[in-house]
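Peer 1: The structure's right below; bear with me while I get my questions together.
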Amino acid sequence: MNKTHIKPLGDRVLVEPLAKEEKTKSGIIIPDTTSGERPEQGTVIAVGPGKMTDDGVLLPLSVKKGQKVIFAKYGPDEIKIDGKEYLIIKEENILGVIEE
Amino acid sequence: MNKTHIKPLGDRVLVEPLAKEEKTKSGIIIPDTTSGERPEQGTVIAVGPGKMTDDGVLLPLSVKKGQKVIFAKYGPDEIKIDGKEYLIIKEENILGVIEE
Amino acid sequence: MNKTHIKPLGDRVLVEPLAKEEKTKSGIIIPDTTSGERPEQGTVIAVGPGKMTDDGVLLPLSVKKGQKVIFAKYGPDEIKIDGKEYLIIKEENILGVIEE
Amino acid sequence: MNKTHIKPLGDRVLVEPLAKEEKTKSGIIIPDTTSGERPEQGTVIAVGPGKMTDDGVLLPLSVKKGQKVIFAKYGPDEIKIDGKEYLIIKEENILGVIEE
Amino acid sequence: MNKTHIKPLGDRVLVEPLAKEEKTKSGIIIPDTTSGERPEQGTVIAVGPGKMTDDGVLLPLSVKKGQKVIFAKYGPDEIKIDGKEYLIIKEENILGVIEE
Amino acid sequence: MNKTHIKPLGDRVLVEPLAKEEKTKSGIIIPDTTSGERPEQGTVIAVGPGKMTDDGVLLPLSVKKGQKVIFAKYGPDEIKIDGKEYLIIKEENILGVIEE
Amino acid sequence: MNKTHIKPLGDRVLVEPLAKEEKTKSGIIIPDTTSGERPEQGTVIAVGPGKMTDDGVLLPLSVKKGQKVIFAKYGPDEIKIDGKEYLIIKEENILGVIEE
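Protein chains in written order, with the numbering used here: chain H, 572 to 671; chain E, 572 to 671; chain P, 572 to 671; chain F, 572 to 671; chain U, 572 to 671; chain L, 572 to 671; chain W, 572 to 671.
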């Protein structure tokens, strides 16, 4: 079986969207909006090394692998690996961490 | 019963909008605008750790849990947890703190 | 009687617009513009703690409570408290202080 | 008689536009443009304290009260005091000083 | 035989897009989007010296020659060398590294 | 006879466009473009004191009075002094110095 | 015979586009794009002194006179000197150096 991993670069995070039944379990519902833009729920699969500042300092990310997060979805960053859907997003687009 | 919490990231704040009867009690009325954009009133439920500067310094937020605030509402940041409506907003969009 | 105060956040200022008769007294007239945008006159009711720089330094505001100011009005920042109209604006949108 | 002054804030300057006969005397003619935007001539009436940098340093302005200047006119910053027209502009929009 | 190389400047990277059969082997599928924008897969052929900061410090790139990457494709940066297609992209547009 | 000078402010430069016969002599021809934007040739008449940085450091300009320059013409910065046409432009819009 | 030179200012570079037969020799082909924007090939004729940072430090350019480069062509920066076509471009728009 083919096992492919993606290591996000910089301040990016690889996220797997929550399946429908998981969303229901969490109790969090995100209402439809007229603009079509709305936050999504997902699980962090991998995190990048951090954001490199202009001073050459690497600021590590604050989210961790395994955390469930709410994030704003911008642009076309969706990919599929072995049939599963993932997103590669910047950490600044993660609104918060879901704690159960 | 399912108890879900959201921990806001960075300089974000989780806010619960004021119910109609609370708004009336506060004496603050926000007139309708033609553009549809207008500030809202709400209670701070949780605050993020703060804003990370490019020097790697964490600047903590100035609003505190429990404060009533007036905030500008931009974009689609509304979520529902266990049937209640919340917003995740950046602190820079909070205009002021309501003191009674 | 309900007494509500608003404490502006950051570099924001709470301003009460001048009533018509006060504007006439000041001798300052602001002509109508075709674009509808034009400066307004008002009295400073409360000032925020100041602007937090990226180095974590708080730069206090230069306007003071009680001063009459001319300010540019952008966006929907109008609120009403106990029937009176106010605006919450950023200090950078205050053009000048009126001295009589 | 009512004597009102305006003290500009920050890096702003209070300017009185040159009357038609003064413009002719200066020998400077500003041709009409198709876009309607074009520089204006005026006399500096008052200057703000300067521009506050992010390090909290106040950089004083370089124009002085009484100088005749050429400036670019943007937006609706016109006011009238006791019947006379003035403008409150940022110093960065002053192109040069007229020396006779 | 003519052998031409391109040395990318600054924080740019020369990338050769993956052929169809390689994409299938990797197990990564990038779905079509309505906007037409979508990430691509490719192999890093050459990397620039790095990003020069305003302090004159050269920050070297984190991707290495030979790595397979997923990148966002913006603008017209396609070239052909000896019949093969390449792209010259900024490292900030590389979303992640593919590890097999 | 009326002798008016203009002292440019900041990083601005007062330029007198080259007359047609001078342009021919220089051997430099600037082709018409479809967009109507194209660089111009001119002689530097006066230079501003320089660009003030946020640290309060004055960076002097690199062009000198009397140099012939090629510059990009943006916006409505044309004036006439005693019948002659001039432009007040920012040094960053000067592409290069013509050396004969 | 008239010999005119242009000394680029700042971080600009004077480039002579490659003639058709030279492009063929290099083996590099740049495909047409629907947007009309596409990189060009050329030879560096002269380089500016470098980019002045806000700290007053001059960062010299990395391309050298005589190098063949691939560059993105933006805006109307074309000139003709003694019948030959040239471009004055910013170094940040040079994608890479061609090595044969």
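For every residue, glycine included, the Cβ atom is placed at its ideal position computed from N, Cα and C.
Secondary structure at Lys644 of chain W, three-state DSSP: helix, strand or coil?
Peer 2: Position 73 of the seventh sequence, counted from the start, is the residue given in the question as residue 644 of chain W. Note: Lys644 of chain W maps to coil in three-state DSSP.
Peer 1: Determine whether the Cβ of Gly667 of chain H lies closer than 8 Å to any Cβ atom of chain E.
Peer 2: In the first sequence, residue 667 of chain H corresponds to position 96, counting from 1. Chain E contact via Cβ: present.
Peer 1: For Gly627 of chain L, return the contacting residues in chain F, with the cut-off set at a CB-CB distance below 8 Å.
Peer 2: Locating residue 627 of chain L in the sixth sequence gives position 56, counting from the first residue. Residues of chain F passing the Cβ test: Thr624, Val628, Leu630.
Peer 1: Any beta-carbon of chain W closer than 8 Å to the one on Lys635 of chain U?
Peer 2: To locate residue 635 of chain U, count along the fifth sequence from 1; it is residue 64. Chain W contact via Cβ: absent.
Peer 1: State the start and end residues of the unbroken beta strand (DSSP E) segment that holds Thr614 of chain P.
Peer 2: Stepping through the third sequence from its first residue, residue 614 of chain P is reached at position 43. Element bounds for Thr614 of chain P: 610-618.
Peer 1: How many angstroms separate the CA atom of Ile652 of chain W from the CA atom of Phe642 of chain E?
Peer 2: Residue numbering aside, residue 652 of chain W sits at position 81 when the seventh sequence is read from its first letter. Residue numbering aside, residue 642 of chain E sits at position 71 when the second sequence is read from its first letter. Cα-Cα distance, rounded: 59 Å.
Peer 1: Would you mind working out which of L:Lys578, L:Gly581, L:Ile650, L:Asn664 sits nearest Gly598 of chain F, comparing C-alpha positions?
Peer 2: Residue 598 of chain F sits at position 27 when you count from the first residue of the fourth sequence. Of the candidates L:Lys578, L:Gly581, L:Ile650, L:Asn664, the one whose C-alpha sits nearest the C-alpha of Gly598 of chain F is L:Ile650.
Peer 1: Compare the Cα-Cα distances from Gly654 of chain L to each of F:Ile601, F:Asp625, F:Glu662 and report the closest residue.
Peer 2: Position 83 of the sixth sequence holds residue 654 of chain L. Ranking F:Ile601, F:Asp625, F:Glu662 by Cα distance to Gly654 of chain L puts F:Ile601 first.
Peer 1: Can you list the residues of chain L that Pro588 of chain W reaches, using a CB-CB cut of under 7 Å?
Peer 2: Here residue 588 of chain W corresponds to residue number 17 of the seventh sequence, with the count starting at 1. Here the premise fails: no neighbours, minimum Cβ distance about 13 Å.
Peer 1: Check each candidate in E:Thr614, E:Leu666, E:Pro620 and name the one with the smallest Cα separation from Val586 of chain E.
Peer 2: Here residue 586 of chain E corresponds to residue number 15 of the second sequence, with the count starting at 1. The candidate whose alpha carbon is nearest that of Val586 of chain E is E:Thr614.
Peer 1: Once the 5 residues before and after Lys622 of chain U are set aside, which same chain residues still bring their CB inside 7 Å of it?
Peer 2: Position 51 of the fifth sequence, counted from the start, is the residue given in the question as residue 622 of chain U. Closer than 7 Å at the Cβ level, and outside the excluded window around Lys622 of chain U, lie Gly581, Asp582, Leu630.
Peer 1: Opposite Ile601 of chain U in the DSSP bridges: which residues?
Peer 2: The sequence position of residue 601 of chain U within the fifth sequence is 30, counting from 1. None; Ile601 of chain U has no bridge partner.
Peer 1: In the DSSP assignment, the beta strand (DSSP E) including Val628 of chain L goes from what residue to what residue?
Peer 2: To locate residue 628 of chain L, count along the sixth sequence from 1; it is residue 57. Val628 of chain L -> no beta strand (DSSP E), and no H or E assigned at all.
Peer 1: Nearest-angstrom Cα distance between Val668 of chain L and Val640 of chain L?
Peer 2: Translated into positions along the sixth sequence, residue 668 of chain L becomes position 97. Translated into positions along the sixth sequence, residue 640 of chain L becomes position 69. So the alpha carbons of these two residues sit roughly 4 Å apart.
Peer 1: Alpha carbon to alpha carbon, how far is Lys644 of chain P from Leu662 of chain P? Give it in angstroms, no decimals.
Peer 2: Counting from 1 along the third sequence, the entry for residue 662 of chain P is found at position 91. Counting from 1 along the third sequence, the entry for residue 644 of chain P is found at position 73. A quick correction: the sequence has Glu, not Leu, at residue 662 of chain P. Cα to Cα, Glu662 of chain P sits roughly 11 Å from Lys644 of chain P.
Peer 1: What did DSSP end up calling Glu670 of chain L once you bin it into helix, strand or coil?
Peer 2: Position 99 of the sixth sequence, counted from the first residue, corresponds to residue 670 of chain L. The answer is strand: DSSP assigns Glu670 of chain L an E or B state.
Peer 1: Quick check on Lys661 of chain W: does DSSP put it in helix, strand or coil?
Peer 2: As a working note, residue 661 of chain W is residue 90 in the seventh sequence. Three-state result, Lys661 of chain W: strand.
Peer 1: Give the secondary structure of Asn573 of chain U by DSSP, where H, G and I count as helix, E and B as strand, and everything else as coil.
Peer 2: Counted from its first residue, the fifth sequence places residue 573 of chain U at position 2. Because Asn573 of chain U sits at a pLDDT of 48, beneath the cut-off of 50, its placement in the model cannot be relied upon, and the following sentence gives the value as read from the coordinates. Reduced to three states, the DSSP call for Asn573 of chain U is coil.
Peer 1: Could you check the C-alpha separation between Asp625 of chain P and Leu666 of chain L for me, to the nearest Å?
Peer 2: Here residue 625 of chain P refers to the residue found at position 54 of the third sequence. Here residue 666 of chain L refers to the residue found at position 95 of the sixth sequence. Approximately 34 Å, taken between the alpha carbons.
Peer 1: Under the rule that 16 or more other beta-carbon atoms within 10 Å means buried, what is Met572 of chain U, buried or exposed?
Peer 2: Residue mapping note: residue 572 of chain U aligns to position 1 of the fifth sequence, counting from 1. Low per-residue confidence applies at Met572 of chain U: pLDDT is 38, beneath 50, and the placement is therefore not dependable, though the value from the model is reported in the following sentence. So Met572 of chain U counts as exposed.
Peer 1: Going by DSSP, which residues form a beta bridge with Lys639 of chain E?
Peer 2: Counting from one through the second sequence, the residue named residue 639 of chain E turns up at place 68. Paired residues: E:Thr614, E:Ile669.
Peer 1: Answer yes or no: does any C-beta atom of chain U fall closer than 8 Å to that of Ile577 of chain W?
Peer 2: Taking the seventh sequence and counting its residues from 1, one reaches residue 577 of chain W at position 6. With 8 Å as the cut-off, Ile577 of chain W does not count as an interface residue toward chain U.
Peer 1: If I follow the unbroken beta strand (DSSP E) through Leu585 of chain E, where does it start and stop?
Peer 2: In the second sequence, counting from the first residue as 1, residue 585 of chain E sits at position 14. It spans 583-588 - the beta strand (DSSP E) in which Leu585 of chain E sits, taken as one unbroken run.
Peer 1: Per the DSSP calculation, Lys651 of chain P is bridged to which residue(s)?
Peer 2: On the third sequence, residue 651 of chain P is found 80 positions in, with the first residue counted as 1. According to DSSP, which records beta bridges pairwise, Lys651 of chain P is partnered with E:Ile600, P:Glu656.
Peer 1: Is there a C-beta anywhere in chain P that falls below 8 Å from the one on Glu649 of chain E?
Peer 2: The residue given as residue 649 of chain E occupies position 78 in the second sequence. Answer no: the Cβ-Cβ gap between Glu649 of chain E and chain P never drops below 8 Å.
Peer 1: Using alpha carbons as the reference points, say which of E:Ala617, E:Lys591, E:Leu658 lies closest to Gln638 of chain E.
Peer 2: One-based indexing of the second sequence puts residue 638 of chain E at position 67. Selected option, being the one with the closest Cα: E:Ala617.
Peer 1: Kindly indicate if chain U contains any beta-carbon less than 8 Å away from that of Asp653 of chain H.
Peer 2: As a working mapping, residue 653 of chain H is identified with position 82 in the first sequence. Yes, because at least one Cβ of chain U sits closer than 8 Å to the Cβ of Asp653 of chain H.
Peer 1: Spell out whether any CB of chain H is found under 8 Å from the CB atom of Gly619 of chain U.
Peer 2: Here residue 619 of chain U refers to the residue found at position 48 of the fifth sequence. By this cut-off, Gly619 of chain U is not an interface position.
Peer 1: What residues of chain A sit near Ile660 of chain L, judged by a beta carbon separation below 7 Å?
Peer 2: Any reference to chain A falls outside this structure, whose protein chains are H, E, P, F, U, L and W.
Peer 1: Select from U:Gly627, U:Lys596, U:Asn664, U:Leu658 the residue whose C-alpha is nearest the C-alpha of Lys578 of chain U.
Peer 2: On the fifth sequence, position 7 is the one that residue 578 of chain U refers to. Ranking the options by Cα distance to Lys578 of chain U, first place goes to U:Leu658.
Peer 1: Do you know how far the Cα of Asp648 of chain P is from the Cα of Asn664 of chain U?
Peer 2: Counted from its first residue, the fifth sequence places residue 664 of chain U at position 93. Counted from its first residue, the third sequence places residue 648 of chain P at position 77. If you take the alpha carbons of Asn664 of chain U and Asp648 of chain P, they lie about 37 Å apart.
Peer 1: Taking Lys636 of chain L as the reference, give the member of L:Gly619, L:Gly627, L:Val628 with the closest Cα.
Peer 2: Numbered from its first residue, the sixth sequence carries residue 636 of chain L at position 65. When only C-alpha atoms are compared, the closest one is L:Gly619.
Peer 1: Interface residues of chain F around Glu670 of chain P at Cβ under 8 Å?
Peer 2: In the third sequence, the residue the question calls residue 670 of chain P occupies position 99. Ordered by position in chain F, the residues that pass the 8 Å Cβ test against Glu670 of chain P are Thr575, His576, Ile577, Lys578.
Peer 1: Can the beta-carbon of Gly627 of chain F be found closer than 8 Å to that of Val584 of chain P?
Peer 2: Along the fourth sequence, one-based indexing puts residue 627 of chain F at 56. Along the third sequence, one-based indexing puts residue 584 of chain P at 13. Going by C-beta atoms, Gly627 of chain F is not nearer than 8 Å to Val584 of chain P.
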